[in-house]
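The C-terminal position of the sequence shown is numbered 146 in the numbering used here, with every residue numbered one higher than the one before it.
Cβ coordinates follow ideal geometry from the N, Cα and C atoms, glycine included.
Contents: one structure, followed by commentary.
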Amino acid sequence: MSFKVFFVGVLALMVFASLYVHFRGRERRPLLRQIGDHNTIIAPYNLLMYWFSAVPPKPILNVLDFPELAMLRDNWQVMRDEAMHLMSRGQINAGTGHNDLGFNSFYKTGWKRFYLKWYDAPLPSALEHCPKTVALVE
């Protein structure tokens, strides 16, 4: 197979996947903005995830499909109380600098965070300040 055929195939896949992602829902970005967005680059991957996902393509999932979350739902007041205590002490903060890539866009609109775990281990600050929530997550 020549490079030219390969390049045209990859380009066709990118265009198809990008258009599929663009027209998938009801809300759309302007086309020129969509072209420059990171979603266009990862559109082929997203396409595979849409087609082969075991999760139904609905905006709101049925909580009964996730029985392991029942304990969290049943103890939401415990988590709320610990979070309110953290907030009153000023321990829930926005990111400092641009070192939290996954959440930088949230910080621009006023979101704050307090990490309970990092990968698989609870953080010492979380164990100290919200032990009940950490126990629930564990």
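Neighbourhood of residue i by C-beta distance below 8 Å, restricted to the same chain and skipping five residues each side
| i | result |
| --- | --- |
| residue 39 | 30 |
| residue 32 | 58 |
| residue 70 | none |
Residue j beta carbon less than 8 Å from that of residue i
| i | j | result |
| --- | --- | --- |
| residue 174 | residue 141 | Only positions 9 to 146 of the chain appear in the structure, and residue 174 is not among them; the question remains open. |
| residue 138 | residue 90 | yes |
| residue 144 | residue 79 | yes |
Own chain, CB closer than 6 Å to residue i, minus 5 neighbours either side, in chain order
| i | result |
| --- | --- |
| residue 100 | 94, 120 and 122 |
| residue 131 | 123 |
Minimum C-alpha distance to residue i - residue among the options
| i | options | result |
| --- | --- | --- |
| residue 51 | 72, 35, 25 and 42 | 25 |
| residue 28 | 131, 55, 10 and 42 | 55 |
| residue 67 | 34, 53 and 97 | 34 |
Below-8 Å beta-carbon distance, residue i vs any chain D residue
| i | result |
| --- | --- |
| residue 97 | Any reference to chain D falls outside this structure, which holds one protein chain only. |
Sequence-distant residues of its chain with Cβ nearer than 7 Å to residue i (five each side left out)
| i | result |
| --- | --- |
| residue 5 | Only positions 9 to 146 of the chain appear in this structure, which leaves residue 5 out of reach. |
| residue 83 | 144 |
Local Cβ density within 10 Å of residue i, reported as buried at 16 or more and exposed below that
| i | result |
| --- | --- |
| residue 21 | exposed |
| residue 129 | exposed |
| residue 135 | exposed |
| residue 124 | buried |
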